[in-house]
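Chemist: For the working numbering, add 1 to where a residue sits in the sequence shown, where the first one is 1. All residues carry an ideal CB built from backbone N, CA and C; glycine is no exception. Being a predicted model, the structure only gives us computed values, none of them experimental. Mind looking over this structure? Questions follow.
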Amino acid sequence: MTIMNIALIPNTSEHKSDPIYRQIADAIALQIDSGQLQPGSKLPTHRALADQLAVTVGTITRAYAEAERRGLVEARIGAGTYVCQANQPSWVYNYSEQEEEECNFGYNIPPRLDRSDMLKQAMENIAAHPEQLNQMMLYQDPQGLAEHRNIVCGWLQQKGFELDPQRVHFTSGGQHAAQLGLAAFCRSGDTVLVEHVSYPGFLSLARQQQISIKPVEMDEEGLIPASLEAACRLYQPRIIYSTPTLQNPTTVTMGEQRRQDILAICQQHQVLFVEDDVNGLLPTERPTPMVNIDSEQVIHIGGLSKCLAPGLRLGYIQVPTRLQKRLNAALHNHSLMISPLLTGIACELIISGDADRILHQIRTDITQRQQLVAQHLGRFDIQHSPHSFHVWLTLPDYWLLSDFVQAANQQGVVVKSGELFSPPGSTIPPAVRLAISAPFTHRKLEQGLLILSELLGKDPIHDFTL
Ligand SMILES: Cc1ncc(COP(=O)(O)O)c(C=O)c1O
């Protein structure tokens, strides 16, 4: 791929009043029109063009964004900016290179691997069957197409999940599944028990539905049975919401015996256990899913966001048989159904083996990232696991939580404060969550880790200048 030079349009009276970034975008347009810049050719990096034209990098960023807005070029994650192909779609995803440069440890997303060829193939396979394509454009059963449920459940069964295609409902991701669970089985004023630090998306959902949230203490294996038992007696909760595998934010995983003990308490108190297993496909080896132990006590939630792509928005939920009708009604009321086109793409990826290949790539990438974490933050108090997207970092006692979050932010590193994971009434832990899969590259990750390591190593009280 050749890197073209871009020459500014001479400053004629016509262009004199235009800001420079727009003049550069005009120059790109002219050079595409004249054939100097060919479709698919790579533009210079922001820095190179800034040097060439003696302008700031910010000006080039604006110029490329303007050219992208006009549909002339496209920014590709991790690869640079390219002149669009002639058959470019009429819309362009506005991805900014600035995003790529950020040390943003905020969101628990899979590493940005290039899945475009696999997705293209999956979509081509679907498009090759016009009859089925037309069928997919009709309203379907809220549960999802039976053929698709068979494929997804078959794949999950191979991985050790005893999920029943007759009972599983597709959802728009795990978050939607949790929302359906609350809508179907809880009323405002009910109580839900959660781990003493928990997934903020669930806490916010419960608050919105005016459900009272009570924290239960955890140890290195998650929910502590004695604390859960006491909370069940005290609050008579409707459900217990937990992430037993690679918990968000602490990364802890419940062992086999603990799972049995927790479910025994649920049975005794007749409380439903919501097993949020969105991270459950990430570890190569893991304890038995709770749903396998007692599928009549467990609401199992999962999805493909972490092991394939969050953009597919494909999740699933299985509830005890006696509650099946209520779930079906809740799904119908919320969204009628999940688009069969999306479940179809997921099925194609599963059948071709690409889903497993992507999962393998994600695991490999995450393990390498976790090795970098161990290398740079190993001397601090961290909880992590080879296949978790995040790290739970307890701060040295000389750092105040809010000061640390702010100090990291000032150095361009975004971390999530322990406060965000704390349900009302629980003690806020002096810890932060680092979503180490979020930085675009390992180089960016390492840069962020170095900044954090340096910050953690110094006592802010004794390190200031007057
Ligand atoms: C514990 C937990 N549950 C649910 C979700 C939502 O995932 P999805 O993208 O499948 O909606 C997340 C996302 O980070 C999560 O961490």
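What number of angstroms, rounded off, separates the C-alpha of F422 from the C-alpha of S336?
Modeler: Roughly 28 Å separates the two Cα atoms.
Chemist: Might you give, ordered along the chain, the residues of its own chain that have their beta carbon closer than 8 Å to the beta carbon of A179, omitting 5 neighbours on each side?
Modeler: G202, F203, L206, Y242, V275, D277 and I302.
Chemist: Should H177 be listed as close to ligand 1, given that the test is whether its C-beta is under 8 Å from any heavy atom?
Modeler: Yes, the Cβ of H177 comes within 8 Å of a heavy atom of ligand 1.
Chemist: Which complete alpha helix (DSSP H) runs does the region 368-442 hold, if anything under 4 residues is left out?
Modeler: You should have 402-411.
Chemist: In this structure, what does DSSP give as the bridge partners for Q319?
Modeler: Paired residue(s): H301.
Chemist: Quick test of your reading: A64 and A26, contact by CB under 8 Å. State the CB separation rounded to the nearest angstrom.
Modeler: Confirmed, about 5 Å.
Chemist: With C-beta atoms as the reference, is T192 less than 9 Å away from Y236?
Modeler: In this structure, Y236 lies closer than 9 Å to T192 by Cβ.
Chemist: Taking DSSP's pairing of strands, which residues face F171 in a bridge?
Modeler: DSSP lists Y317 as partners of F171.
Chemist: So what does T82 bridge to, in DSSP terms?
Modeler: In DSSP, T82 forms a bridge with A76.
Chemist: Are the beta-carbon atoms belonging to D357 and L114 less than 9 Å from one another?
Modeler: No.
Chemist: Taking just the CA atoms, how far does E69 sit from T3?
Modeler: In this predicted model, T3 has a pLDDT of only 40, less than 50, meaning its place in the structure is not dependable; the value taken from the coordinates is given anyway. The alpha-carbon atoms of T3 and E69 are separated by roughly 19 Å.
Chemist: Excluding sequence positions up to five away, which residues of its chain have a Cβ less than 7 Å from the Cβ of L146?
Modeler: Cβ neighbours of L146 beyond the five flanking positions: P341 and T344.
Chemist: Grouping DSSP H, G and I as helix and E and B as strand, with all else coil, what is Y200?
Modeler: Coil, per DSSP.
Chemist: Looking at C-beta atoms only, is the number of pairs between the region 392-400 and the region 151-163 that lie closer than 8 Å three or more?
Modeler: Output reads no: the region 151-163 does not touch the region 392-400.
Chemist: Can you tell me whether K307 sits near ligand 1, meaning its C-beta is under 8 Å from at least one heavy atom of the ligand?
Modeler: The answer is yes for K307.
Chemist: Can you check which of these residues, R71, G81, E230 and E67, is closest to A49 by C-alpha distance?
Modeler: Checking every option, the nearest Cα to that of A49 belongs to G81.
Chemist: Per DSSP, which residues does N329 bridge with? Please list them.
Modeler: None; N329 has no bridge partner.
Chemist: Excluding the 5 residues flanking I383 on each side, which residues of the same chain have their C-beta closer than 6 Å to its C-beta?
Modeler: So the list reads V392 and L394, once near-sequence residues are dropped.
Chemist: Do A185 and V320 have their CB atoms nearer than 9 Å?
Modeler: Result yes, Cβ atoms of A185 and V320 sit closer than 9 Å.
Chemist: Of the choices L350, A129, D460 and S296, whose alpha-carbon is the least far from that of Q261?
Modeler: Of the listed residues, the one whose Cα sits closest to Q261 is S296.
Chemist: Quick check on the burial criterion: 16 or more other C-beta atoms within 10 angstroms. Buried or exposed for M138?
Modeler: Burial call: exposed.
Chemist: To the nearest angstrom, report how far apart V258 and P245 are at their CA atoms.
Modeler: Checking the displayed sequence, the identity of residue 258 turns out to be Gln instead of Val. About 12 Å.
Chemist: Determine the burial state of H177: buried for a count of at least 16 other Cβ atoms within 10 Å of its Cβ, exposed for fewer.
Modeler: Its Cβ being crowded by 16 or more others within 10 Å, H177 is buried.
Chemist: Just how far apart, CA to CA, sit T251 and H385?
Modeler: When rounded, the distance between both Cα atoms is 8 Å.
Chemist: Using the Cα positions of I127 and C348, report the straight-line distance between them to the nearest angstrom.
Modeler: Cα-Cα distance, rounded: 10 Å.
Chemist: Report yes if the CB atom of N105 is closer than 9 Å to the CB atom of A439, and no otherwise.
Modeler: Yes.
Chemist: Indicate, with yes or no, if ligand 1 has a heavy atom lying under 8 Å from the CB of I302.
Modeler: The answer is yes for I302.
Chemist: Flag this pair as yes or no: are the beta carbons of S199 and N249 separated by less than 9 Å?
Modeler: Yes.
Chemist: Report the partner residues of P45 according to the DSSP bridge assignment.
Modeler: DSSP lists no partner for P45.
Chemist: Which value, in whole angstroms, describes the spacing of the CA atoms of G282 and P112?
Modeler: Here the sequence assigns Leu to residue 282, which means Gly is not the residue at that position. If I take the Cα positions, the gap works out to 15 Å.
Chemist: May I ask you to check if the CB of F162 is nearer than 8 Å to at least one heavy atom of ligand 1?
Modeler: Answer for F162: no, Cβ out of range of ligand 1.
Chemist: Taking 8 Å as the cut-off, does the CB of R434 come closer than this to any heavy atom belonging to ligand 1?
Modeler: No - ligand 1 has no heavy atom lying nearer than 8 Å to the Cβ of R434.
Chemist: Does the region 368-378 come close enough to the region 403-423 that 3 or more CB-CB pairs lie under 8 Å?
Modeler: Verdict: no, contact absent.
Chemist: Helix, strand or coil: how does DSSP classify L467 here?
Modeler: Legend: pLDDT at L467 = 42, less than 50; position of this residue unreliable, value from coordinates given subsequently. It is coil, neither helix nor strand.
Chemist: By the three-class DSSP mapping on this structure, what secondary structure does K459 have?
Modeler: It is coil, neither helix nor strand.
Chemist: Among the residues of its own chain, which have a CB less than 7 Å from the CB of E67, if the five just before and after it don't count?
Modeler: Around E67: Y22, R23 and A26.
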